[in-house]
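> Residue numbers (this note's numbering), protein chains in the order written: chain D, 3 to 255; chain E, 3 to 255.
Below are the structure tokens for one structure; questions will follow.
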DNA sequence: TGACGTCATTGAGATGCCTCAAAGTCGTAT
DNA sequence: ATACGACTTTGAGGCATCTCAATGACGTCA
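This is how it looks when you write it as structure tokens:
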């Protein structure tokens with residue numbers, strides 16, 4: 003673990019000094035070009051838990067990178083309930099799905115105190131006219147998202163409750179790992195309810211699966227704190243295809 | 003109806019003369035620039051039913067546009083069954099999800115005799131370095147796909163069997179309509195089995211829902227021929243959010 | 001620190017879809 | 001024309017998950 007996940011960060015770190023630069027958009031730019039990206043990025047005040055970054059139907063104007071905290075995106079079903087479409091952790095980019103419309107197709111809300119980098123899309127487009135590598139990176143981001151959504155569709159149409167939750171936990175673990183945090187032990191930023199909503203399960207089912215996983219020694223969980231105690235078994239439940247080869251968990255510390 | 007859906011087309015129509023140019027990639031290019039796209043497009047022999055365009059794991063090299071016929075993409079589940087991830091009709095583009103990997107993440111197979119335009123990705127990237135409008139179009143395509151996948155995730159996690167099939171039929175209808183064909187009456191290119199696989203339902207359930215829909219006068223179906231008899235009801239079942247405002251069906255001819 | 005509201009857990013019963021099984025229909029190729 | 005295989009339909013029963021209900025734990029704020 004390099005540092006604590008929610009360590010305070012000054013609110014105006016330059017991209018070149020940001021610890022996430024190797025995961026975020028700067029990935030596509032050389033050191034000297036990063037400063038240009040830096041110039042167009044707006045860094046707002048931190049969002050408090052429950053505050054919205056944008057609402058479904060808002061004028062599309064920017065894409066966003068999470069710097070700390072966590073964001074969920076959701077849309078309203080026909081019956082007016084919320085359907086969560088994604089969770090975003092630090093270094094992850096959201097807002098790209100609004101690109102071909104005038105308005106955001108989902109709402110984005112902070113699940114805890116969250117810091118955001120805002121990248122006005124018009125400027126990002128100008129910058130990507132300038133840097134082919136940046137636009138390829140954007141394309142790759144979107145392409146990756148399409149593949150991830152397809153994995154999600156597979157989860158929703160073929161997996162049972164146990165497999166869904168195993169997959170979800172393994173996926174979270176690998177995302178934490180990528181950011182340099184422990185993949186064995188972490189804090190969920192979402193409630194059981196939100197998890198169930200996202201995974202197409204009732205809260206009660208999520209809760210029962212958690213209980214069962216603990217009885218079987220797969221995980222231990224106290225509230226939102228989760229520890230993966232048997233990642234081999236959990237991966238097996240999740241199904242090998244869920245993780246990229248470079249995302250395989252280390253089995254022991 | 004402007005012409006029959008499966009009317010024979012000569013196998014080497016230039017983009018500028020293709021009846022699908024207003025729906026396909028040329029959409030992003032001016033008349034004189036289209037010829038450049040034209041030059042990089044490879045037009046192969048027609049694929050027969052069951053033939054593959056590419057296999058999961060094949061080296062990623064091109065994106066493809068369907069010119070006539072129909073393609074399905076699928077991937078293998080952990081248990082080795084096939085999971086269909088999409089159906090592609092004429093003018094629709096597939097292969098973009100492979101963009102950020104070396105290999106295609108899905109297999110693509112012809113569901114009937116199908117003609118394809120192949121666009122080598124390297125050349126497409128060069129061309130889009132030249133034409134900002136083309137690359138914005140590509141981005142929009144991907145962004146649209148992300149939104150559609152999210153609709154699909156919503157379908158899979160919140161809708162029951164009736165709603166899934168209503169949504170599917172309405173979606174197909176609007177895609178036919180966009181291409182200038184009847185949205186009231188069309189031929190399914192997929193089997194009940196494939197439909198169920200895609201929608202996360204057992205074949206038997208699909209069949210039962212079709213029967214029920216016919217009893218209730220929503221549709222009539224003989225084999226793969228489907229007629230929508232009550233599009234208002236069917237849309238209501240599908241849920242308003244499923245269709246873009248510009249995809250709303252005309253209620254009567 | 002105590003009280004409240006939110007979130008999580010557990011139990012019991014209902015249900016929608018799946019599985020298995022069998023018969024019926026269609027398309028196709030010989 | 002006929003026979004075969006593949007696809008579709010229908011029925012019966014089982015099961016995973018949902019729904020409803022109640023209790024329990026936690027976090028937060030006065």
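The beta-carbon is built from N, C-alpha and C at its ideal position, and this holds for glycine as well.
Because the structure is a prediction, the values reported are computed rather than measured.
By the 10 Å Cβ neighbour count, where 16 or more other Cβ atoms means buried, how is residue 193(D) classified, buried or exposed?
Start at 1 with the first residue of the first chain, and residue 193(D) comes out as number 191. Under this definition residue 193(D) is an exposed residue.
> What residue range does the beta strand (DSSP E) around residue 89(E) cover?
Here residue 89(E) corresponds to residue number 87 of the second chain, with the count starting at 1. First-last of the beta strand (DSSP E) with residue 89(E): 84-90.
> Between 66(E), 67(E), 58(E) and 138(E), which has its C-alpha nearest residue 77(E)'s C-alpha?
By one-based count along the second chain, residue 77(E) stands at place 75. Closest option to residue 77(E), Cα to Cα, is 58(E).
> Hey, how far is the Cα of residue 240(D) from the Cα of residue 212(D)?
Taking the first residue of the first chain as position 1, residue 240(D) is located at position 238. Taking the first residue of the first chain as position 1, residue 212(D) is located at position 210. Cα to Cα, the separation comes out at about 14 Å.
> Name the residue from 176(D), 67(D), 47(D) and 117(D) whose alpha carbon lies nearest to the alpha carbon of residue 97(D).
On the first chain, position 95 is the one that residue 97(D) refers to. Minimum Cα distance to residue 97(D) is reached at 67(D).
> Taking beta-carbon pairs under 8 Å, can you tell me which members of the stretch 139-173 of chain D lie near chain E?
Those would be 140, 141, 142, 143, 144, 145, 146, 147, 148, 149, 151, 152, 154, 155, 156, 158, 159 and 160, in chain order.
> Please compile the residues from chain E whose C-beta is within a distance smaller than 9 Å of the C-beta of residue 98(D).
For the purposes of this step, residue 98(D) is taken as residue 96 along the first chain, with counting starting at 1. Here the neighbours are 141, 144, 145 and 148.
> Classify residue 134(E) as helix, strand or coil using the three-state DSSP reduction.
For the purposes of this step, residue 134(E) is taken as residue 132 along the second chain, with counting starting at 1. If DSSP states are grouped into helix, strand and coil, residue 134(E) belongs with the helices.
> At the level of alpha carbons, what is the spacing between residue 217(D) and residue 195(D)?
The residue labelled residue 217(D) in the question sits at position 215 within the first chain. The residue labelled residue 195(D) in the question sits at position 193 within the first chain. Between residue 217(D) and residue 195(D), the C-alpha separation is close to 21 Å.
> Expressed to the nearest angstrom, what Euclidean distance is found between the alpha-carbon atoms of residue 94(D) and residue 114(D)?
One-based indexing of the first chain puts residue 94(D) at position 92. One-based indexing of the first chain puts residue 114(D) at position 112. Taking the straight line joining both Cα atoms gives about 16 Å.
> Going by beta-carbon coordinates alone, are residue 145(D) and residue 137(D) separated by less than 8 Å?
Here the question's residue 145(D) lines up with position 143 in the first chain. Here the question's residue 137(D) lines up with position 135 in the first chain. Result no, Cβ atoms of residue 145(D) and residue 137(D) do not sit closer than 8 Å.
> Kindly say whether residue 85(E), judged by its beta-carbon, lies nearer than 8 Å to any beta-carbon of chain D.
Position 83 of the second chain, counted from the start, is the residue given in the question as residue 85(E). Yes, residue 85(E) counts as interfacial toward chain D.
> Would you list the one or two residues that DSSP bridges to residue 189(E)?
Position 187 of the second chain, counting from 1, holds the residue named residue 189(E). 227(E), per the DSSP bridge assignment.
> Does residue 102(E) come within less than 8 Å of chain D when only Cβ atoms are used?
The residue given as residue 102(E) occupies position 100 in the second chain. Yes, residue 102(E) lies at the interface with chain D (some Cβ there is under 8 Å from its Cβ).
> According to DSSP, residue 1(E) sits in a beta bridge with which residue or residues?
Limits of chain E in this structure are 3 at one end and 255 at the other, which puts residue 1(E) out of reach.
> Relative to the C-alpha of residue 74(D), which residue among 210(D), 238(D), 200(D) and 219(D) is closest?
Along the first chain, read from residue 1 onward, the residue named residue 74(D) stands at position 72. The residue with the shortest Cα to Cα distance from residue 74(D) is 200(D).
> Tell me, please, whether the CB atom of residue 195(E) is closer than 8 Å to any CB atom in chain D?
Here residue 195(E) refers to the residue found at position 193 of the second chain. Not one chain D Cβ lies under 8 Å of residue 195(E).
> Between 61(E), 16(E), 27(E) and 234(E), which has its C-alpha nearest residue 140(E)'s C-alpha?
As a first step, residue 140(E) is located in the second chain; it is residue number 138 there, counting from the start. Residue 27(E) is the option with its Cα nearest to residue 140(E).
> Measure the Cβ-Cβ separation of residue 99(D) and residue 86(E) and say whether it is below 8 Å.
Here residue 99(D) refers to the residue found at position 97 of the first chain. Here residue 86(E) refers to the residue found at position 84 of the second chain. Going by C-beta atoms, residue 99(D) is not nearer than 8 Å to residue 86(E).
> With 16 as the cutoff for other CB atoms within 10 Å, does residue 20(D) come out buried or exposed?
Position 18 of the first chain, counting from 1, holds the residue named residue 20(D). Burial call: buried.
> Along chain E, which residues have their Cβ under 9 Å away from the Cβ of residue 202(D)?
To locate residue 202(D), count along the first chain from 1; it is residue 200. Correct list: 155, 158, 159 and 160.
> Does the Cβ-Cβ distance between residue 170(E) and residue 197(E) come in under 8 Å?
In the second chain, counting from the first residue as 1, residue 170(E) sits at position 168. In the second chain, counting from the first residue as 1, residue 197(E) sits at position 195. Yes, they are a contact pair.
> Since residue 70(E) is in the beta strand (DSSP E), which residue starts that stretch and which ends it?
Working through the second chain from its first residue, we reach residue 70(E) at position 68. Counting along the chain, the beta strand (DSSP E) containing residue 70(E) begins and ends at 64-70.
> Distance, Cα to Cα, residue 49(D) vs residue 160(D)?
The residue labelled residue 49(D) in the question sits at position 47 within the first chain. The residue labelled residue 160(D) in the question sits at position 158 within the first chain. Looking at the two C-alpha atoms, the distance is approximately 36 Å.
> Would you tell me roughly how many angstroms separate the C-alpha atoms of residue 257(D) and residue 92(E), rounded to the nearest one?
No statement about residue 257(D) is possible, as the shown extent of chain D runs from 3 to 255 and does not include it.
> Kindly give me the distance between the Cβ atoms of residue 42(D) and residue 18(D), rounded to whole angstroms, as I take these residues to be in contact under 8 Å.
Locating residue 42(D) in the first chain gives position 40, counting from the first residue. Locating residue 18(D) in the first chain gives position 16, counting from the first residue. Actually they do not touch by this definition, with Cβ atoms about 14 Å apart.
> Using C-beta distances below 6 Å, list every residue in its chain close to residue 90(E), excluding the 5 sequence neighbours before and after it, in chain order.
As a first step, residue 90(E) is located in the second chain; it is residue number 88 there, counting from the start. So the list reads 68, 73 and 96, once near-sequence residues are dropped.
> So what does DSSP say about residue 220(E), is it helix, strand or coil?
Taking the second chain and counting its residues from 1, one reaches residue 220(E) at position 218. Residue 220(E) falls in the coil class under three-state DSSP.
> With a threshold of 16 other CB atoms inside 10 Å of the CB of residue 128(D), please say whether the residue is buried or exposed.
For this step, residue 128(D) is matched to residue 126 along the first chain. Label assigned to residue 128(D): exposed.
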